[in-house]
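S.K.: Please read through the structure below; I'll follow up with questions.
There are 2 protein chains.
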Amino acid sequence: MNEDAWIRRIEARIPVRARASSRKPGLMLGIGDDAAIYRPAPGEDLVFTTDMMIEERHFLREYPADSVGWKALCRSLSDIAAMGASPRFALLSLAVAPWVKPAWVDGFYDGFLALAAKYKVLLAGGDLSRAARASIDVMVCGAVPAGEALRRGTARAGDTLYVSGALGGASLGLRSGRSRSATGRAARERHLRPEPRVALGNALRRRGIASAAMDLSDGLSSDLARLARASGLAARLQRPLPVFPGASESDALHGGDDYELLFAAPSADRIPGRIAGQRIARVGQLIAGEPGRLFFEGEALLPAGWDPFAK
Amino acid sequence: MNEDAWIRRIEARIPVRARASSRKPGLMLGIGDDAAIYRPAPGEDLVFTTDMMIEERHFLREYPADSVGWKALCRSLSDIAAMGASPRFALLSLAVAPWVKPAWVDGFYDGFLALAAKYKVLLAGGDLSRAARASIDVMVCGAVPAGEALRRGTARAGDTLYVSGALGGASLGLRSGRSRSATGRAARERHLRPEPRVALGNALRRRGIASAAMDLSDGLSSDLARLARASGLAARLQRPLPVFPGASESDALHGGDDYELLFAAPSADRIPGRIAGQRIARVGQLIAGEPGRLFFEGEALLPAGWDPFAK
Chain A
1 MNEDAWIRRI
11 EARIPVRARA
21 SSRKPGLMLG
31 IGDDAAIYRP
41 APGEDLVFTT
51 DMMIEERHFL
61 REYPADSVGW
71 KALCRSLSDI
81 AAMGASPRFA
91 LLSLAVAPWV
101 KPAWVDGFYD
111 GFLALAAKYK
121 VLLAGGDLSR
131 AARASIDVMV
141 CGAVPAGEAL
151 RRGTARAGDT
161 LYVSGALGGA
171 SLGLRSGRSR
181 SATGRAARER
191 HLRPEPRVAL
201 GNALRRRGIA
211 SAAMDLSDGL
221 SSDLARLARA
231 SGLAARLQRP
241 LPVFPGASES
251 DALHGGDDYE
261 LLFAAPSADR
271 IPGRIAGQRI
281 ARVGQLIAGE
291 PGRLFFEGEA
301 LLPAGWDPFA
311 K
Chain B
1001 MNEDAWIRRI
1011 EARIPVRARA
1021 SSRKPGLMLG
1031 IGDDAAIYRP
1041 APGEDLVFTT
1051 DMMIEERHFL
1061 REYPADSVGW
1071 KALCRSLSDI
1081 AAMGASPRFA
1091 LLSLAVAPWV
1101 KPAWVDGFYD
1111 GFLALAAKYK
1121 VLLAGGDLSR
1131 AARASIDVMV
1141 CGAVPAGEAL
1151 RRGTARAGDT
1161 LYVSGALGGA
1171 SLGLRSGRSR
1181 SATGRAARER
1191 HLRPEPRVAL
1201 GNALRRRGIA
1211 SAAMDLSDGL
1221 SSDLARLARA
1231 SGLAARLQRP
1241 LPVFPGASES
1251 DALHGGDDYE
1261 LLFAAPSADR
1271 IPGRIAGQRI
1281 ARVGQLIAGE
1291 PGRLFFEGEA
1301 LLPAGWDPFA
1311 K
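What follows is the structure, encoded as structure tokens:
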């Protein structure tokens, strides 16, 4: 197959096509031209994020192809969720490796488009190439009422820190391999097919709960250090952390790929134990101090989550 | 350096920072959060494009680092130009290979930011990773008055075809290697540091000249076949083609990476020989026939431009 044949194969799988003739806001032009066209509604901010996934760094060719497509989109959707925004459309750049067969590409799109359908994200375009290792880059555009996006740098000293769900599952899943125990399978599922917390992010914004928010993609210690630094604050974490069944406290502190949300809220506010269907756990507090400095149960804690540049 | 140190190094180089407090349309939030925020002006369409560049496919590590950054952005800017839009901001995903040193990254950003400054494109965010081969994906968002974007599929039978500039230079430059002749150096410059035709694309839109347009990234034969197919038409090309000095007619027909614009206009219209500073050459006509079918001087012509999936 040549490039145009690949593109036609992909185009045929996109469930909803944009209509250039529409007068309503939305996607005006999708796959097939030099660029896609999106017309925003008045009073809306658009938020944009992009995330790469590279063979042997973020996934292995042995992984189910649909899980790679699912996760490639999830990573960007999770950023959109963390801004309190609603995803609108995506661009997908895919470089296939020599080992990639059309069936793998089909499986990849199965997973990508299944998650896209779940969150009503239109695939509006992208790029297709070849490389020695398969490599994927996903850009997602989301929308949020003007000025209302949740951000990292807006927390205040004294705000309480919360996370959704349970942490460390993806880290456990990564090392569980093909374990067939119920715990191993649940953790592996978390590693392969995480769920972006879009409804939660929207609820945190709409209900005015969060003073700052971000998603947990690299691990609590690394991501919290970023939120704290962006807010010009230090932070302390405390036990008990909400640990994924079977995972260790270290998994919960430093494990990446959970895609839960971390947020801050004024300590005087009463935060429900469950928001948008997700369990919410109190994990610590932001405090005055050296920006980005962390403590866990009173001891200094160094960020030790996923870092692509770590040795 | 770890990931955060890399990001801070990059952030420090971005000349213009977005201001979240502004009430005016534009970039509200740039690098450093989960996503960038862009607030469009009313009555504007936003256009989005993304293009990958992968080591050993699109560039070699021996190339000047600044030329890789320049070209990575140029490829997407050229798509924005082809839509008749004005570029606004970019997201840059960069995966560095083991051989990449900080000086290379600095050089890469020198080239990227030099072209960005020339066309007033803000770098609003991105992703940073590592891979066996260096790999780059650039997303550019551009703006155009609502409903006015130039597209591929809107040409009519009988429309005349035009291209800007001279074709085949990048192809000649690719095979000239380190030739030090004036011709070789000019062609190599065209290959390494092409110029996106943003002013031309805007002029074609604003002056209502083009019935359809696209950029020449893969080569005239391949790209024209796409424009013709999108418009449901066949096309014929004729001599003389505007051939880059020293290049062959075959370079001009099939060579990629020129980033000139191809456009159609009603045959009754008088098209200036120069638009927005670029020479405009008449190269053929769109005709009724099998969509995407091409003829050159009366003979059938097969698309033979750059195809990442070609054997």
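Protein sequences appear in the order of chains A and B.
Take the first sequence: its letter number 138 is residue 138 in our numbering, and every next letter is one higher.
Take the second sequence: its letter number 40 is residue 1040 in our numbering, and every next letter is one higher.
Quick reminder that beta carbons are idealized off the backbone N, C-alpha and C, glycines included.
(1) Which same chain residues end up closer than 7 angstroms to Pro1087 of chain B when comparing Cβ atoms and leaving out the 5 residues on each side of it in sequence?
(2) When you compare the CB positions of Leu115 of chain A and Leu73 of chain A, do they come within less than 8 angstroms of one another, or not?
(3) Any idea what DSSP makes of Ala1035 of chain B, helix, strand or coil?
(4) Per DSSP, which one or two residues make a beta bridge with Gln1285 of chain B?
(5) Answer with yes or no whether the minimum CB distance from Trp6 of chain A to chain B is below 8 angstroms.
(6) Kindly indicate which three-state DSSP category Leu1060 of chain B falls into: helix, strand or coil?
(7) For Asp159 of chain A, which residues of its own chain have a beta-carbon under 8 angstroms away from its beta-carbon, when the five flanking residues on both sides are left out?
(8) Alpha carbon to alpha carbon, what distance is there between Asp258 of chain A and Arg274 of chain A?
(9) Here's a check: name, in chain order, each residue in its chain whose Cβ is nearer than 7 angstroms to the Cβ of Thr1154 of chain B, leaving out the five neighbours to either side.
(10) Check whether the stretch 228-248 of chain A touches the stretch 302-309 of chain A, counting contact only when three or more Cβ pairs, one atom from each stretch, lie closer than 8 angstroms.
(11) Between the C-alpha atoms of Pro40 of chain A and Ala1149 of chain B, what's the straight-line distance to the nearest angstrom?
(12) Among residues of its own chain, excluding the 5 on either side of Ala1097 of chain B, which ones have a beta-carbon nearer than 7 angstroms to its beta-carbon?
(13) Can you round the beta-carbon distance between Gly256 of chain A and Asp218 of chain A to whole angstroms, since I take them to be within the 8 angstroms contact cut?
(14) Taking C-alpha atoms, which residue in A:Leu92, A:Arg8, A:Ile37 and A:Thr183 lies nearest to Ala1085 of chain B?
(15) So, Ala1235 of chain B versus Ala1288 of chain B, is the Cβ gap smaller than 8 angstroms?
(16) Output needed for Ala103 of chain A: all residues of its chain with C-beta closer than 6 angstroms, excluding positions within five of it in sequence on either side, in chain order.
(17) For Ile1136 of chain B, which three-state DSSP category applies?
(18) Assuming Arg175 of chain A is part of the beta strand (DSSP E), what are its boundary residues?
(19) Along the chain, where does the alpha helix (DSSP H) containing Ile1007 of chain B start, and where does it finish?
(20) So with Cβ pairs under 8 angstroms, would you call Ala97 of chain A a contact of chain B?
(21) When we look at the beta-carbon of Asn1202 of chain B and count the other beta-carbons within 10 Å, is it buried (16 or more) or exposed?
(22) So the candidates are B:Ser1222, B:Leu1161, B:Pro1272 and B:Arg1188; which of them puts its Cα closest to the Cα of Leu1237 of chain B?
(23) Inspect the CB distances between the stretch 61-71 of chain A and the stretch 105-112 of chain A and report whether three or more fall short of 8 angstroms.
(24) Roughly how far, in whole angstroms, is the beta-carbon of Ile1280 of chain B from the beta-carbon of Pro1291 of chain B, given that I think they are within contact range, below 8 angstroms?
(25) Give the DSSP bridge partners of Leu122 of chain A, in chain order.
(26) How should Arg1180 of chain B be labelled, buried or exposed, when 16 other C-beta atoms within 10 angstroms of its C-beta is the threshold for buried?
(27) Taking the CB atoms as reference points, tell me whether Leu261 of chain A and Asp215 of chain A lie closer together than 8 angstroms.
(28) Compare the C-beta of Tyr63 of chain A against all C-beta atoms of chain B and say whether one is closer than 8 angstroms.
(29) Taking the beta strand (DSSP E) that Ala1310 of chain B belongs to, which residues open and close that run?
(30) Is the shortest distance between the beta-carbon of Pro1308 of chain B and the beta-carbons of chain A less than 8 angstroms?
(31) Out of B:Pro1064, B:Arg1156, B:Leu1128 and B:Ser1222, which has the shortest C-alpha to C-alpha gap to Phe1296 of chain B?
(32) So Tyr1109 of chain B contacts chain A; which residues on that side make the cut at Cβ distance below 8 angstroms?
(33) Cβ of Val1047 of chain B less than 8 angstroms from any chain A Cβ?
(34) Around the C-beta of Met1083 of chain B, are 16 or more other C-beta atoms found within 10 angstroms, so that it is buried, or is it exposed?
(35) Anything in the stretch 1186-1219 of chain B with a Cβ closer than 7 angstroms to a Cβ of chain A? List those residues in chain order, please.
(36) Using only CA atoms, which one of B:Leu1123, B:Ile1010, B:Phe1059 and B:Trp1006 lies nearest to Thr49 of chain A?
M.R.: Let me spell this out:
(1) Leu1077, Ile1080, Tyr1119, Val1121, Val1140, Gly1142 and Val1198
(2) yes
(3) Reduced to three states, the DSSP call for Ala1035 of chain B is coil.
(4) B:Thr1160 and B:Arg1236
(5) yes
(6) coil
(7) Ser211, Ala212, Ala264, Ala265, Pro266, Ser267, Gln285 and Leu286
(8) 18 angstroms
(9) Ser1211, Ala1212 and Ser1231
(10) no
(11) 15 angstroms
(12) Cβ within range, chain order: Glu1055, Ala1131, Ala1132, Arg1133 and Ala1134.
(13) 5 angstroms
(14) A:Ile37
(15) no
(16) So no residue of the chain qualifies.
(17) strand
(18) For Arg175 of chain A, no beta strand (DSSP E) encloses it; the enclosing alpha helix (DSSP H) starts and ends at Gly169 to Ser176.
(19) In the DSSP annotation of this structure, the continuous segment of the alpha helix (DSSP H) that includes Ile1007 of chain B starts and ends at Glu1003 to Glu1011.
(20) no
(21) The residue is buried, with at least 16 neighbouring Cβ atoms inside 10 Å.
(22) Comparing Cα positions, the closest option is B:Leu1161.
(23) Yes, they touch.
(24) About 25 angstroms separates the two Cβ atoms, so there is no contact after all.
(25) A:Phe89.
(26) exposed
(27) yes
(28) Cβ-Cβ to chain B under 8 angstroms: no for Tyr63 of chain A.
(29) First-last for Ala1310 of chain B: undefined, no H or E at that position.
(30) yes
(31) B:Ser1222
(32) Those within 8 angstroms of Tyr1109 of chain B in chain A number zero; the least Cβ separation is about 16 angstroms.
(33) yes
(34) buried
(35) Met1214 and Asp1215
(36) Nearest of B:Leu1123, B:Ile1010, B:Phe1059 and B:Trp1006 to Thr49 of chain A, Cα basis: B:Leu1123.
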